[in-house]
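**Q** Quick one: this structure, given as structure tokens, is what I'll be asking you about.
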């Protein structure tokens, strides 16, 4: 990689890091591109050279975060003993990235159809890991989940519910931390 390509890669990473930070502070929809370029200390045109639209930038930030979560779940699935252990790791990861996912849940209804479709695609990959693990546990008689899809709909629905209404449940701190034990015990009842 030559010097110019390396600089271009660094600039792109800087834009993505700045965008994520600005999105977490102000929301995806309320963050002007000028704020991101100012935060990254680059020219407005430089940002558009890397991302032709704000939506393209939002999609890239979301894709990176969703891939991170998918990789974490895949890693946990290889080393964990049970779906419950994987869920604990997943919730812990969400707690670490809660500000990001909370903004995502609150604004989701207002995204373009294209952005919603891509978000659903990334979420389905994550759900797929959980689905596969539950199928394996059912086959081994570890769990007895009759309707895996509905069980996962409940799980991901309740997490998004808490994220979307975070301020209603906690004045400060993590809403997932507050309800983690309840999520785990209810999900365990559903699948056993």
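In the numbering used here, the protein residues as written are 27 to 218. Note that CB positions come from ideal geometry on N, CA and C, so glycine has one too.
(1) Does the stretch 126-143 come close enough to the stretch 49-58 that 3 or more CB-CB pairs lie under 8 Å?
(2) Grab me the residues of residue 218's own chain with a C-beta within less than 7 Å of its C-beta, minus the 5 sequence neighbours each way, in chain order.
(3) Taking the alpha carbon of residue 55 as the point to measure from, which residue in 191, 90, 120 and 80 has its own alpha carbon closest?
(4) Apply the 10 Å Cβ neighbour rule to residue 62 and answer buried if 16 or more other Cβ atoms are within range, or exposed otherwise.
(5) Touching or not, the stretch 60-75 and the stretch 143-158, by the rule of three or more beta carbon pairs under 8 Å?
(6) Identify whether residue 130 lies in helix, strand or coil by the three-state DSSP scheme.
(7) DSSP three-state call for residue 120: helix, strand or coil?
(8) Expressed to the nearest angstrom, what Euclidean distance is found between the alpha-carbon atoms of residue 112 and residue 90?
(9) Quick one: is residue 163 buried, meaning 16 or more other Cβ sit within 10 Å of its Cβ, or exposed?
(10) DSSP state of residue 200, grouped into three classes?
(11) Within 10 angstroms of the Cβ of residue 198, are there 16 or more other Cβ atoms? Answer buried if so, exposed if not.
(12) If we call anything under 7 Å between Cβ atoms a contact, is residue 178 one with residue 156?
(13) Can you check which of these residues, 39, 140 and 166, is closest to residue 107 by C-alpha distance?
**A** The structure says:
(1) The stretch 49-58, when compared against the stretch 126-143, does touch it at the 8 Å Cβ threshold.
(2) As a working note, residue 218 is residue 192 in the chain shown. If we look at residue 218 and ignore the five residues flanking it on each side, its Cβ neighbours are 169 and 170.
(3) Within the chain shown, numbered from 1, the residue matching residue 55 stands at position 29. When only C-alpha atoms are compared, the closest one is 80.
(4) For this step, residue 62 is matched to residue 36 along the chain shown. Buried is the call here.
(5) Contact fails: fewer than three Cβ-Cβ distances are below 8 Å.
(6) One-based indexing of the chain shown puts residue 130 at position 104. In the three-state reduction of the DSSP assignment, residue 130 falls in the helix class.
(7) To locate residue 120, count along the chain shown from 1; it is residue 94. Reduced to three states, the DSSP call for residue 120 is helix.
(8) Position 86 of the chain shown, counted from the start, is the residue given in the question as residue 112. Position 64 of the chain shown, counted from the start, is the residue given in the question as residue 90. Rounded to whole angstroms, residue 112 to residue 90 spans 21 Å at the Cα level.
(9) Looking up residue 163 in the chain shown gives position 137. The residue in question, residue 163, is buried, as its Cβ has 16 or more Cβ neighbours within 10 Å.
(10) Taking the chain shown and counting its residues from 1, one reaches residue 200 at position 174. Here residue 200 sits in coil by DSSP.
(11) On the chain shown, position 172 is the one that residue 198 refers to. It is exposed - the Cβ of residue 198 has fewer than 16 other Cβ atoms within 10 Å.
(12) The residue you call residue 178 lines up with position 152 of the chain shown. The residue you call residue 156 lines up with position 130 of the chain shown. Against a cut-off of 7 Å, the Cβ pair of residue 156 and residue 178 comes out as a contact.
(13) In the chain shown, residue 107 corresponds to position 81, counting from 1. For the residues 39, 140 and 166, the minimum Cα distance to residue 107 belongs to 166.
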